[in-house]
Each structure stands twice: as structure tokens, then as C-alpha cells.
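Undergrad:
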Amino acid sequence: MMLAFFTMGFVDLVGIASNYVQKDLALADSQANILPSLVFFWFLIFSVPTGMLMNRIGRKNTVLLSIAITAVSLIIPIFASSYPVMLVSFSLLGIGNAIMQTSLNPLVSNIVSGDKLASTLTFGQFVKAIASFMAPYIAMWGATAAIPSLGLDWRVLFPIYALIAILAALLLGIVRIDEAPADAQASGIFGCLKLLGKPFVLLCFLGIMCHVGIDVGTNTTAPKILMERLQFSLDNAAFATSLYFIFRTIGCFSGSYILRKVSNRLFFGISALLILAAMIGLAVVAQPQSHIFIYVMIAMIGYGNSNIFSIIFSQALLHEPERQNEVSGLMIMGLFGGTVFPLLMGFASDLIGTLGAVLVMMVGAIYLSLFTFKISR
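The sequence shown maps to residues 558 to 934 in this note's numbering.
#1: Please look up how many angstroms separate the CB atoms of Ile771 and Asn862, rounded, as I've assumed it's under 8 Å.
#2: Straight-line CA distance for Arg733 to Ile668?
#3: Do you know how far the Cα of Leu592 is from the Cα of Phe904?
#4: With a 10 Å radius around its C-beta and 16 neighbouring C-beta atoms as the bar for buried, classify Leu927 as buried or exposed.
#5: Where does Phe747 land, buried or exposed, given buried means 16+ other C-beta within 10 angstroms?
#6: Helix or strand or just coil, what does DSSP make of Gln788?
#7: For a quick check, are the C-beta atoms of Pro716 and Ile807 less than 8 Å apart?
#8: State the Cα-Cα distance for the pair Leu661 and Ile827, rounded to the nearest angstrom.
#9: Would DSSP call Asn662 helix, strand or coil?
#10: To the nearest whole angstrom, what separates the beta carbons of Met784 and Phe893, a pair I think is in contact under 8 Å?
#11: Take Thr619 and list the residues in its own chain whose beta-carbon comes closer than 7 Å to its own, dropping the five residues that flank it on each side.
#12: What residues in its chain sit with their C-beta under 7 Å from that of Gln742, if we drop five residues either side in the sequence?
#13: Measure the Cβ-Cβ separation of Ile803 and Ile851 and say whether it is below 8 Å.
#14: What three-state label does DSSP hand Ala725 in the structure shown?
#15: Taking the straight line between their C-alpha atoms, what separation do you get for Leu763 and Phe567?
#16: Give the list of continuous alpha helix (DSSP H) stretches no shorter than 4 residues that lie fully inside the segment 831-915.
#17: In three-state DSSP terms, what is Arg712?
#18: Give the straight-line distance between the Cα atoms of Arg712 and Thr778, rounded to the nearest whole angstrom.
#19: Pick from Thr775, Ala722, Ile909 and Ser638: whose alpha carbon is nearest that of Met854?
#20: What's the C-alpha gap between Lys931 and Ala686?
#21: Would you mind stating whether Ala692 and Tyr577 have Cβ atoms separated by less than 8 Å?
#22: Thinking just about the alpha-carbon of each residue, which of Ala840, Ser594, Lys580 and Ala574 is nearest to the one in Gly895?
#23: Is it buried or exposed, Val917, if we count other Cβ atoms within 10 angstroms and call 16 or more buried?
#24: Given a cut-off of 8 Å on the beta-carbon distance, is the pair Ser689 and Asp569 in contact?
#25: Below 8 Å on the Cβ atoms is my contact criterion, and I expect Ala840 with Met919 to pass it. Report the Cβ-Cβ distance as a whole number of Å.
#26: For Met919, which of helix, strand or coil comes out of DSSP?
#27: Expressed to the nearest angstrom, what Euclidean distance is found between the alpha-carbon atoms of Leu644 and Cys809?
#28: Any idea if Thr701 is buried or exposed, counting beta-carbon neighbours within 10 angstroms, 16 or more meaning buried?
#29: Can you check which of these residues, Glu877, Val665, Leu631 and Ala795, is closest to Ile573 by C-alpha distance?
#30: What does the alpha-carbon distance come out to for the pair Val596 and Phe898?
#31: Straight-line CA distance for Ile624 to Val642?
#32: Which value, in whole angstroms, describes the spacing of the CA atoms of His876 and Leu823?
#33: Under 8 Å between the Cβ atoms of Val684 and Met559?
#34: Can you tell me whether Gly812 is helix, strand or coil according to DSSP?
#35: Taking Phe603 as the reference, give the member of Ile626, Ala914, Tyr860 and Asp710 with the closest Cα.
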């Protein structure tokens, strides 16, 4: 199951991949940001129907379907890298990840429940983050190493991740997991959407939107900040994306332990304030004298954003224990924030540079800070 979480992390390659596609095809920021936005657009379309699908075929089978779609999305760019081809590939990657995130998290609740659910989901996010921070390194290796026989340059990460996805599907397929029976009276799509009428569920949904908006936004914008403010090349600036995910990984690993010792509200509040402080730092210091300052701010965002999703998701599941499939679909639909934020950031960047992108993300950081008071102790 943790290998499935690793496969879930493949979606985060969109950040570094969109930067390389932008360089290869000479795209504007607004055009390049369509790629990560397109990935997360499908969360709006597929998340709630996936909740219904789980009631029909089970959570494990739904996860296996998602991994298969993910593998196909990774195979396509091996053979071509034109803009339309990348749009198709990223769309399938988004569809597969939308189905995976909707089904894999509640599948964990068949094994772990109660107070331990948040820490277990956080450990899953730790495993996911390993795949996330590996992607820029693999892309940089492919871009700088001489691999003429493959002819893939930075795209070498696609066949590597495709093979891992196939392995994950094979191993999960042979594992027996006893699932809780589906609710025979499960709601339809519109019944699920009505859950957003419950104030706490709606606040959790918006919190997920802000979390993933900051996640995808930092993923794509961190290298651009170094390129704009310190004139780094893309290959050198790509380390900023890895740094973000390194600290997300550290945060997830430490969070899986800390959440067993301290309240969700306290840890969530500290995390949200770390993100907000870093956003303020990046906005105020427009021309730092050293890249170290930018690295520290990116690290703070990575650590702060590492446990936000797990806490919000577990809070939503525990708030509606009888509707977990439907609530899971709604929460994952909130990953549509990964479409909204990059689009707004792209337009803001075209107008005033990376400062515009940082200001858009700051709005999400402010919301998360305020949401702290709604988290149960």
C-alpha cells in the first residue's frame, strides 16, 4: 500500500516537467502553467464519481484502476513531447491521480482508524514525497547526462516511473485487504455534493484547495524565483523544487510521530504559520543578496505544507464516519485548487513577475492560518 502512495507522488513531476516543456517549446508562463492546471482540473470532474465507483467495485480495485491509468500517462511522453501530446499525458496523469487519491486514502482506513489515521496518512504522504523530490533529480540527470541511445533527455523520468507504477499494481493486486462493506444506500453525485452544505465539510474542502494550490504553486514557481531574481539557469534552479519536496518529506516523516504526541490543532497552526511567514519573506525581499534566503523560505513552505492535507482529510473523514467514500471524493475534488492557483499565478506572473505568484499563494496561507481554529483538539 505504501508503494501505491509512492506512485501517487508521480503527479508532482508536473512542476519540473512543465518548466522543461516551457524551455523546450518557448512557452509563456501562462501557457506553461496550463500543464499543471490541466492535471488538477480532472480532480473536479472525477473525484466525486470515484466515490460512487468505490461503492460498486471496492476501494482496492479502484486503486488498481488508477495505477493503470497513471502508467499509461507516463508511457505516452516516451514517444513524443509536443505540446498536444504533453496535454494528453498530463490529463491522463491527472485522471489517474484523482481516482488514486480518492480511493487510496479511505482504503487505509480499512487497516488503521481513529486517532492513528492522521499519522498513518501522514506517513503515506512521506512515502509519496519521496517520489516527488526524486523527480527533479531524475529530470536533471537526464537533461545533463549523455544518453543518446535513449534520446529522452529529461524525459527519462517517464519510463522509470512507469515501471514503478506497473510494479505497484502487481504487488497491490496480490495483497488481500478486507474492506468494510459499501453503504447500500450510498448517495448519488448530487447527494455527495450536498455534503458541502455542511459548514465543516465545506471549510475542509476549501482548506484542501489552498493546500494543493500552495503545493503545486511552489513546485512550479520556486525555480522561476531563482531564475528571475538571481539569474540561475533552469538546470541549477530545478534544485529548488527538490528542496521543497525534501522538506515536505522530512515534515511528513516527523509529522507521523509528532501527531501521536501533540494535538492536531497545535501542529496544524504551527505548520500554517510557517507557510505564511515564508510567503511574506518571499514577497518582501524581492532581490535577495543570496540564494540561501530563498532556499530557507522554500524549505519552510515545504515543511509547513507537509501535514496540512493529512490533518484536514482525517478531520473530514472522522466528522462523517458513515459517508467516508463520499467525503473522500469531495476532499480530493478540492485538489482542483491545483488548477485554480497556477492559472491565477501564471497571469499574475505575466503582469508583475514571480511576486504576483507569491501573493496569490499568500491568500491560501492566510486561509489555512484562520482554519486552524476549526480543527478539533
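Ideal Cβ positions, reconstructed from N, Cα and C, are used throughout, including at glycine.
Fair warning: this is a prediction, and the values are worked out from it, not measured in the lab.
TA: In short:
#1: Yes, they are in contact, since the Cβ atoms of Ile771 and Asn862 sit about 6 Å apart, within 8 Å.
#2: A straight line joining the alpha-carbon of Arg733 with that of Ile668 spans about 11 Å.
#3: Rounded to the nearest angstrom, the gap between the Cα atoms of Phe904 and Leu592 is 14 Å.
#4: With fewer than 16 Cβ atoms within 10 Å of its Cβ, Leu927 is classed as exposed.
#5: Around the beta carbon of Phe747, fewer than 16 other beta carbons lie within 10 angstroms, which makes this residue exposed.
#6: If DSSP states are grouped into helix, strand and coil, Gln788 belongs with coil.
#7: No, the Cβ-Cβ distance between Pro716 and Ile807 is not below 8 Å.
#8: Going from the Cα of Leu661 to the Cα of Ile827 covers about 27 Å.
#9: Helix.
#10: Wrong, their Cβ atoms sit about 28 Å apart, outside the cutoff.
#11: Short of 7 Å from the beta carbon of Thr619, and not among the five residues preceding or following it, lie these beta carbons of its own chain, in chain order: Thr607, Leu610, Met611, Ile656 and Ser660.
#12: Bear in mind that a pLDDT of 48 at Gln742, under 50, signals an unreliable position, so the model cannot answer this.
#13: For Ile803 and Ile851, no; Cβs fall outside 8 Å.
#14: Looking at Ala725 - three-state DSSP - the assignment turns out to be helix.
#15: CA-CA distance, Leu763 to Phe567, rounds to 24 Å.
#16: Segments of the alpha helix (DSSP H) lying fully in the segment 831-915: 848-861, 865-876, 881-890 and 894-909.
#17: Here Arg712 sits in helix by DSSP.
#18: A direct Cα-Cα distance of roughly 20 Å separates Arg712 from Thr778.
#19: With distances taken between Cα atoms, Met854 lies closest to Thr775.
#20: Going by the C-alpha atoms only, they are around 27 Å apart.
#21: No.
#22: Ranked by how close their Cα comes to the Cα of Gly895, the residues Ala840, Ser594, Lys580 and Ala574 have Ser594 in first place.
#23: By the 10 Å Cβ count, Val917 comes out buried.
#24: Yes; because the gap between Cβ atoms is below 8 Å, this pair is in contact.
#25: For Ala840 against Met919, the beta-carbon gap comes to about 6 Å, under 8 Å, which counts as contact.
#26: Here Met919 carries a helix assignment [DSSP, helix/strand/coil].
#27: Using only the alpha carbons, I get a separation of about 31 Å.
#28: Classification of Thr701: exposed, given that the 10 Å Cβ count is below 16.
#29: Among Glu877, Val665, Leu631 and Ala795, the Cα nearest to that of Ile573 belongs to Ala795.
#30: Cα-Cα distance, rounded: 12 Å.
#31: Each residue's alpha carbon lies about 20 Å from the other.
#32: Distance between the alpha carbons of His876 and Leu823: 19 Å.
#33: Between Val684 and Met559, the CB-CB gap stays under 8 Å.
#34: Here Gly812 sits in helix by DSSP.
#35: Between Phe603 and the set Ile626, Ala914, Tyr860 and Asp710, the nearest pair of CA atoms involves Ile626.
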